[in-house]
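Position 45, counted from 1, in the sequence shown is what the numbering used here calls 45; the numbers after and before it change by one each time, with no gaps. Each residue gets a CB set at the ideal place from its N, CA and C atoms; glycine is no exception. Predicted model, so just to flag it, every value in this text is computed and none were measured. Below is one structure, written out as structure tokens; comments come after it.
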Amino acid sequence: MKRTKTVILLVVIVACFAAALIYLWQKNQEDPVTYEIELPSEQTIVVKTMATGNIVPKEEILIKPNISGVIEEVYIEAGEYIKAGDLIAKIRVIPNVSSLTSAKNSIASNQTALETAQINLTTQQANYDRQKALFEKGVISANDFEGINNTYLQTKQSVEQAKINLMSAKQNYDIIKTGTTSGLGNIAQTLVRATISGMVLDVPVKEGNQVIEANNFNEGTSIASLADINKMIFEGKVDESEVGKIKEGLPLEITIGAIEDKKFDAVLDYIAPKGVAENGAIQFEIKGSLKSIDSTFIRAGLSANASIILEKAEKVLAIREALVQYDPE
């Protein structure tokens, strides 16, 4: 009995040892090499670089008043389409006391100048009539009469100029007092109108806001900004490492984050000749005009990415780059 147990124990030990050897042998065996076969296919290969930026109107027009005052009424809102000549706002003029006094003094001085010129004209008219009668009788020479005639004409012209100056002074007074005057049409008025047709992008003023006219010392207050949203461009920046690869006229593919599953074709129009340092890197501004946006409404200021196509090959046989093996040399 004891011998039987010993034999069984030895058999079990030998079996375990054999199983361990078989397991180690199988573990050390390499998996058989399998190869996947992939045929080349006809594809379009594109080499491109990326630029980030925004979609903005090609031309944005700022509407500014031609007279200072307070906004009395605003007739438009952002998002509306308006036509050239449509009413945007009405301005109430608040006269400046100093300017009003100066304008009154100008009227008085020009009135005095006109009266003086008219007195001189009366004197010259009488002298001209006397000298003309003497010339017709042959008492004075033609040369002497010509000088008298020239003096008379100059005096007459001075009267006309004095009348113009007085009228101008009165118009200036009316403009300072009321914001408009007869005879000037749309040159100076309290009604602000659109200069182009397009969409209202922004109306930064409200009723009661004070506005300033544009002049040599101040760019003036913007009452509204208008743009033709059918003419949009991409404005972005590229790194200095990429700017040498691009040139004007290259095609762009614009992707807008807010408009999914749609790409817009564009053409690179502008590359800045000078870079700007941003976050330790030199960036160059670029601009590209969108060719056609169909009926898609693109809001100004949307973030966008532009794929600048450097090279493109269509309908060529190609395989995935991962399938290519290179000799280590």
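Residue i, DSSP secondary structure in three states
i           : result
residue 144 : helix
residue 130 : helix
residue 295 : coil
residue 175 : helix
residue 319 : coil
residue 302 : coil
residue 93  : coil
residue 159 : helix
residue 192 : strand
residue 104 : helix
residue 170 : helix
residue 187 : Confidence in residue 187 is poor, its pLDDT being 45 and thus under 50, which makes the residue's placement unreliable; the coordinate value appears in the next sentence. If DSSP states are grouped into helix, strand and coil, residue 187 belongs with coil.
7 Å CB neighbourhood of residue i in its chain, flanking five on each side removed
i           : result
residue 186 : Unreliable positioning characterises residue 186 in this predicted model, as indicated by a pLDDT of 47, which lies under 50. The coordinate reading is nonetheless provided below. Within the same chain, residue 186 has no close Cβ partners at all.
residue 75  : 87, 88, 89
Residue i versus the options, residue with shortest Cα-Cα distance
i           : options            : result
residue 277 : 114, 142, 239, 173 : 239
residue 320 : 45, 108, 13        : 45
residue 160 : 105, 115, 74, 265  : 115
residue 192 : 8, 35, 14, 62      : 62
residue 99  : 91, 119, 68        : 68
residue 209 : 326, 93, 59        : 93
residue 243 : 272, 91, 15, 103   : 272
residue 261 : 268, 288, 296      : 296
residue 54  : 322, 300, 151, 13  : 300
residue 315 : 43, 18, 34, 10     : 43
residue 151 : 136, 137, 129      : 129
residue 267 : 258, 235, 328      : 235
residue 231 : 39, 40, 60         : 60
residue 237 : 227, 16, 285       : 285
residue 290 : 58, 127, 11        : 58
Same chain, Cβ closer than 8 Å to residue i, five either side skipped, listed in chain order
i           : result
residue 107 : 166, 169, 170, 173
residue 309 : 46, 47, 48, 250, 251, 252, 253
residue 220 : 64, 65, 211, 212, 213, 214
residue 324 : none
Residues near residue i in its chain [Cβ-Cβ closer than 6 Å; skip 5 each side]
i           : result
residue 78  : 200, 202, 203
residue 81  : 199
residue 205 : 71, 223
residue 331 : Because residue 331 is not part of the residues shown, which for the chain are 1 to 329, the question remains open.
residue 113 : 162
residue 110 : 165, 166, 169
residue 292 : none
Buried or exposed (CB count within 10 angstroms, at least 16 for buried), residue i
i           : result
residue 197 : exposed
residue 188 : Only weak support is given to the placement of residue 188: the predicted model assigns it a pLDDT of 48, under 50, and the question is left unresolved by the model.
residue 124 : buried
residue 8   : exposed
residue 52  : exposed
residue 326 : exposed
residue 56  : buried
residue 288 : buried
residue 225 : buried
residue 131 : buried
residue 24  : exposed
residue 117 : buried
residue 121 : buried
Worksheet entry | Continuous beta strand (DSSP E) assignments of at least 3 residues falling wholly in the stretch 18-90 | Runs found: 41-57, 60-63, 69-74.
Item to complete: May I have a chain-ordered list of the alpha helix (DSSP H) segments no shorter than 4 residues that lie completely inside the stretch 194-219?
Response: For the stretch 194-219, not a single whole alpha helix (DSSP H) run of length 4 or above is found.
Item to complete: Report the residue ranges of all alpha helix (DSSP H) runs contained in full by the stretch 207-286; include only those spanning at least 4 residues, in chain order.
Response: Runs of the alpha helix (DSSP H) inside the stretch 207-286: 240-243.
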